[in-house]
Amino acid sequence: MLVAKLIDTTLCIGCKACEVACQEWNDQEYTLGTFNGSYQTMPDLAPNFWNLIKFNEVQRNGAEAWLMSKYQCMHCADAGCLAACPAPGAITQLANGTVDFVHENCIGCGYCITGCPFDVPKLSPASKKVYKCSLCSDRTAVGLEPACIKTCPTNCLTFGERDEMIRVAEIRTRELKADGFKDAGIYNPAGVGGTNVIYVLNDAKQPEQYGLPKDPIIPWTVQLWKGPLKALGAMVFMGSILGAFFHYVVFGPQQEEAADEVE
Amino acid sequence: MKSNEVRVARFDGYERVMHWMAALSFLYAALTGLAIWSPVLYWMAALSGGGFVIRGTHPWSGVLFTAVIGWMFARWAKTMGLDADDRVWLTRMDKYATHQHDALPESGKFNAGQKMLFWSQVVTALLLMVSGVVLWFPEWMPRSLRLVAIAMHPLAAIGSIAGIIVHIYMGTMSVPRSMRAMLLGWVTPNWARLHHPKWYREWRGSTNLR
Chain W
1 MLVAKLIDTT LCIGCKACEV ACQEWNDQEY TLGTFNGSYQ TMPDLAPNFW
51 NLIKFNEVQR NGAEAWLMSK YQCMHCADAG CLAACPAPGA ITQLANGTVD
101 FVHENCIGCG YCITGCPFDV PKLSPASKKV YKCSLCSDRT AVGLEPACIK
151 TCPTNCLTFG ERDEMIRVAE IRTRELKADG FKDAGIYNPA GVGGTNVIYV
201 LNDAKQPEQY GLPKDPIIPW TVQLWKGPLK ALGAMVFMGS ILGAFFHYVV
251 FGPQQEEAAD EVE
Chain E
1 MKSNEVRVAR FDGYERVMHW MAALSFLYAA LTGLAIWSPV LYWMAALSGG
51 GFVIRGTHPW SGVLFTAVIG WMFARWAKTM GLDADDRVWL TRMDKYATHQ
101 HDALPESGKF NAGQKMLFWS QVVTALLLMV SGVVLWFPEW MPRSLRLVAI
151 AMHPLAAIGS IAGIIVHIYM GTMSVPRSMR AMLLGWVTPN WARLHHPKWY
201 REWRGSTNLR
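Heads up: the protein sequence lines correspond to chains W and E, in order.
Counting from 1, one number per residue, gives the positions in the first sequence under the numbering used here.
Counting from 1, one number per residue, gives the positions in the second sequence under the numbering used here.
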């Protein structure tokens, strides 16, 4: 059974309780943020900061709009991080859809950072390993909802069976449309096979305004590295080795030098 | 005088150290790189301390290899230039592979195949180093560059390793006594005459051997 986190951005009040809950549950050390003239806690996610409320200040129909959106791992069905990862067992995809990092197997190469179309995983300079939201896999394993969901005071965040979450999102979208948000919709990008973190946006035609990429995909060079290049390499290496061996078998070594006088 | 009583200097001490530094750093970089390249070969990581360790050491072996290739370039680039005979040689490589050496133009200190290996290694080392630095520091490099590097690095490595597989075969099995030249630095006059006639004549002209 797939689970999903539903983020209804229209209900977010920017209280950042989810940020605190995430830090608390995951026992993250507090790091001073960078003040850049915004309410946002820090500019970007960090190895010890997996859940960030983005305070997006954008122009809409000639007026200022202040869009808050929760930014964390999207737990993609086709996960770019997993596609890029070269270390067996360092990234696992659980039956419920959670994409989880297993740090004892992580080698810290950072390929997941390159593979992720959402720029989520962060390399820790201290441990030289990569970190991101685990969907609180240690909570969901025992039937609890993720810490951010548990703490959200406005029901902006809900968690449950994925189909159910999509149904709720659809109902909410209809309500928003009835309220005049004609472009309201669900963010569940097909380019990565759908995500297990889905959003309700009051303008789904412009997800960039919420800091979300419009059409995230696993880049073709990452797929090339993970698939065809391995086959090509195997053929070239085996071809070279077998070619050399059979060359020896058929033609033998080159002529021996003569032992006679120097001409 | 018998051929085996005369030594023709082929590679001096610097060149031998240079070659074997390149060989060892290449071998280390290639084996650790292959371990990271494919889960099928990941067990090889354990030979050098595991995946986390080789993620740290692989880039440095690449730096060393590139530095030695730079040294090699400084020392051999001139010698490795292709002359008219070499160009003809390259069009008749099949004759070389089938040991019909009479059908080939004469070679100098290096034959055209060796020269091509040299240039291909210079090019792949350059590609590997540039893409390698990008992959080394994912947190500092723009994603657009990393996306190019993630495919370029293994592609260049495949070409480079294939060339070295052939090189090792030539040096160990295919050309008798060629290892002596790179390990000890000298060959006999008849070896030189057989494999590198033009280079042999240069030596013959400069020596006062009767």
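Just so you know, even glycine gets a beta-carbon here, dropped at the ideal spot from N, CA and C.
Here the structure is a predicted model, which means the values were calculated and not measured.
At a CB-CB cut-off below 7 angstroms, which residues of chain E make contact with residue i?
i: W/T114; result: P138, R143, R146, L147 and I150
i: W/I107; result: G51, F52 and R55
i: W/A244; result: I165, V166 and Y169
i: W/I166; result: Within chain E, no residue comes near W/I166; the closest Cβ sits about 30 angstroms away, beyond 7 angstroms.
i: W/S240; result: A162, I165 and V166
Should residue i be flagged as near chain W, meaning a C-beta pair shorter than 9 angstroms?
i: E/R10; result: no
i: E/M173; result: yes
i: E/L209; result: yes
i: E/L31; result: no
i: E/L135; result: yes
i: E/H19; result: no
Does residue i have its Cβ less than 9 angstroms from a Cβ in chain E?
i: W/K229; result: A small correction: the amino acid at residue 229 of chain W is Leu; Lys does not occupy that position in the sequence shown. Chain E contact via Cβ: present.
i: W/F251; result: yes
i: W/P43; result: no
i: W/Q93; result: no
i: W/V197; result: no
i: W/G264; result: Residue 264 of chain W lies beyond the residue range present for chain W, which begins at 1 and ends at 263; the question has no answer from this structure.
i: W/V192; result: no
i: W/L123; result: yes
i: W/G110; result: yes
i: W/K128; result: yes
i: W/A79; result: no
i: W/D119; result: yes
Starting from the beta carbon of residue i, find every residue of chain E whose beta carbon is closer than 8 angstroms, and list them in chain order.
i: W/W225; result: I150, A151 and P154
i: W/T221; result: L147, V148, I150 and A151
i: W/Y187; result: Neighbours of W/Y187 on chain E: none; closest Cβ ~21 angstroms, over 8 angstroms.
i: W/F237; result: I158, I161, A162 and I165
i: W/H247; result: A97, Y169 and S174
i: W/I217; result: Correct list: empty, because the minimum Cβ distance to chain E is about 11 angstroms.
Would you list the residues sitting across from residue i in a DSSP beta bridge?
i: W/S271; result: Chain W is shown from 1 up to 263; residue 271 of chain W falls before or after that span and cannot be answered.
i: W/I7; result: W/L157 and W/Y199
i: E/W186; result: E/A9
i: W/G80; result: For W/G80, which the question treats as bridged, DSSP gives no partner whatsoever.
i: W/R60; result: W/A63
i: W/A46; result: W/F49
i: W/E257; result: DSSP lists no partner for W/E257.
i: E/K2; result: W/E261
What in chain W is Cβ-close to residue i, meaning under 8 angstroms?
i: E/N4; result: A259
i: E/W60; result: Within 8 angstroms Cβ-Cβ: nothing; E/W60 doesn't reach chain W, min ~14 angstroms.
Hey, could you find the ends of the beta strand (DSSP E) residue i is sitting in?
i: W/V99; result: V99 to F101
i: E/K95; result: Unbroken run through E/K95 is the alpha helix (DSSP H), M93 to A97; no beta strand (DSSP E).
i: W/T92; result: I91 to Q93
i: W/G185; result: G185 to Y187
For residue i, report the span of its alpha helix (DSSP H) as first-last.
i: W/Q23; result: A17 to W25
i: E/I164; result: R143 to Y169
i: E/G113; result: A112 to W136
i: W/Y30; result: Segment: none, W/Y30 is in no alpha helix (DSSP H) and carries neither H nor E.
i: E/Y200; result: P197 to S206
Using the beta-carbon of each residue, which ones in chain E are nearer than 9 angstroms to residue i?
i: W/P88; result: P39, Y42 and G51
Report the neighbours of residue i on chain W: residues whose CB is nearer than 7 angstroms to its CB, in chain order.
i: E/W212; result: Nothing about residue 212 of chain E can be read from this structure; chain E reaches only from 1 to 210.
i: E/L194; result: Q255 and E257
i: E/M1; result: E261 and V262
i: E/T188; result: E257
For residue i, which residues in chain W fall below 9 angstroms Cβ to Cβ?
i: E/P176; result: P253, Q254, Q255, E256 and E257
i: E/I69; result: By Cβ distance, chain W contributes nothing, its closest Cβ being about 20 angstroms from E/I69, past 9 angstroms.
Quiz item: Which runs of the alpha helix (DSSP H), 4 residues or longer, sit entirely within the stretch 32-106 of chain E?
Solution: 51-76, 84-91 and 93-97
Exercise. Please go through the stretch 110-166 of chain W and give each complete beta strand (DSSP E) segment of 3 or more residues, from N-terminal end onward.
Key: Qualifying beta strand (DSSP E) stretches, in chain order: 157-161.
Quiz item: In chain order, which beta strand (DSSP E) runs of at least 3 residues are fully inside the stretch 197-239 of chain W?
Solution: 197-201
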